[in-house]
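Take a look at the structure below.
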Amino acid sequence: MDRRLAVLVRPGDQRWLDAPQAPVRRWPLEREAPESGEVTSLVEYLPGARFPEHRHPNGEEILVLSGVFSDEGGDYPAGSYLRSPAGSRHSPFSQPGCQIFVKLNQFAQGDMTTLRLEPQQFSWQTLDQGMEQAQLHTFANECSNLQRYAQAMPVPLPGQTRGEILVLEGSIALNGEPLPAGSWLRVPSFDALRLTAAESTLIFVKTQRAVDYQLS
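So the sequence shown is numbered by UniProt numbering: it starts at 1 and just counts up by one.
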């Protein structure tokens, strides 16, 4: 997994793989090794699926995309944002089925934050006419947020940062190339990109300032 390289995945690029332990399918977007290390993936739980208890060596970050995701802590509907720090463990399941976006073993050193946020708990702030942002989590110079666009406009991204974008609703254009809902983009730097959001677009954005990482 070389983060010096940009990666773009569209909905038609699906490579769903069956998980070995449960009726769960996974679509790895990036990973260090098949069953260990840092992993970013889309995961689909079939109705009634249960996953065995497992530990998060370096944390787990989840955005529920559809359905209801559950564990010992509760039931989390579509739009929920969850963080479980290093050393945590759970036995996840889904009664109706669900799809989630998962980042495993990627917590910043010292980040021990636990979060269980449902959509009604998000605090939306207007940053520009036609654009709102809900900050989900910030630690050091790493930030995860949602951005909602009521009209077509450029996507504001901080300079000297690397990061990723998941298109949840609507579409964005990357240097004029449309990326529909379900697209995922990872870049070593946002500086040279021209991103534009279409009307009625929702994206998940994760950024990390250059001073806080070494490209690897």
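From the three backbone atoms N, C-alpha and C, an ideal C-beta is built for every residue, glycine too. As the structure is a prediction and not an experimental result, all values here were calculated from the model.
Item checked: Through-space distance from I62 to A150, alpha-carbon basis -> Straight through space, the alpha carbons of I62 and A150 are spaced by roughly 25 Å.
Note to self: So V64 and Q95 are supposed to be a Cβ contact under 8 Å. How far apart are they, rounded?
What the structure shows: The pair is not a contact, with the Cβ atoms about 14 Å apart (cut-off 8 Å).
Check: Taking DSSP as the reference, what is the three-state secondary structure of D71?
Finding: Shown here, D71 sits in a strand according to DSSP, grouped into three states.
Check: Buried or exposed: Q214, going by 16 or more other Cβ atoms within 10 Å of its Cβ?
Finding: Interpretation of Q214 is limited by its pLDDT of 47, a score under 50 that renders its predicted location unreliable; the figure taken from the coordinates is listed afterwards. Exposed.
Next item on the list: Report the option in D13, M112 and P57 whose CA atom is closest to the CA atom of A140.
Entry: M112
Notebook entry, point to check: Can you tell which of S200, C143 and F101 has its C-alpha closest to the C-alpha of S25?
Noted result: Reading off the sequence, residue 25 comes out as Arg, not Ser. Here the closest residue by C-alpha is F101.
Item checked: CB-CB length for T40 against C143, believed under 8 Å -> Rounded, the Cβ-Cβ distance is 16 Å, inconsistent with contact.
Check: With burial defined as no fewer than 16 other Cβ atoms inside 10 Å of the residue's Cβ, what is the status of L104: buried or exposed?
Finding: With 16 or more Cβ atoms within 10 Å of its Cβ, L104 is classed as buried.
Check: G37: which of P20, E60, D18 and P47 sits nearest, CA to CA?
Finding: E60
Item checked: Within the stretch 141-214, ranges of the alpha helix (DSSP H) (whole runs, at least 4 residues) -> none
Margin query: Using the three-state DSSP reduction, which class does P57 fall into: helix, strand or coil?
Written below: P57 carries a coil assignment under DSSP once its states are collapsed to helix, strand and coil.
Checklist line | Beta carbon of G170 nearer than 7 Å to that of A198 | finding: yes
Checklist line | Alpha-carbon spacing of W27 relative to D18, whole angstroms | finding: Computed Cα separation, rounded: 9 Å.
Item checked: DSSP three-state assignment for G37, whether helix, strand or coil -> G37: strand per DSSP, three-state reduction.
Notebook entry, point to check: Is the stretch 75-87 touching the stretch 111-131 in the sense that three or more CB pairs, one from each, lie closer than 8 Å?
Noted result: Yes: the two stretches touch, three or more of their Cβ pairs being nearer than 8 Å.
Check: How many Å lie between R15 and G182 at the Cα?
Finding: 13 Å
Check: When you compare each of E164, P180 and L174 to F204 by their alpha carbons, which one comes out closest?
Finding: E164
Check: So residue 223 and P47 are in contact, right, with Cβ under 8 Å, and what is the actual spacing, rounded?
Finding: Nothing in the structure corresponds to residue 223, since the chain is present only between 1 and 216.
Notebook entry, point to check: If you compare alpha carbons, which of W184, S189, V167 and L193 is closest to S200?
Noted result: For S200, the nearest C-alpha among the options comes from V167.
Check: Where are the beta strand (DSSP E) runs, 3 residues long or more, that stay fully inside the stretch 107-145, in chain order?
Finding: 115-117, 124-128 and 131-139
Check: Can you pull the DSSP bridge partners for P77?
Finding: V68
Next item on the list: Put L47 into one of helix, strand or coil per three-state DSSP.
Entry: For clarity, residue 47 is Pro in the given sequence; the question names Leu instead. In the structure shown, P47 sits in coil (DSSP, three-state: anything other than H, G, I, E or B).
Checklist line | For Q129 and P23, the rounded distance between their alpha carbons | finding: If I take the Cα positions, the gap works out to 44 Å.
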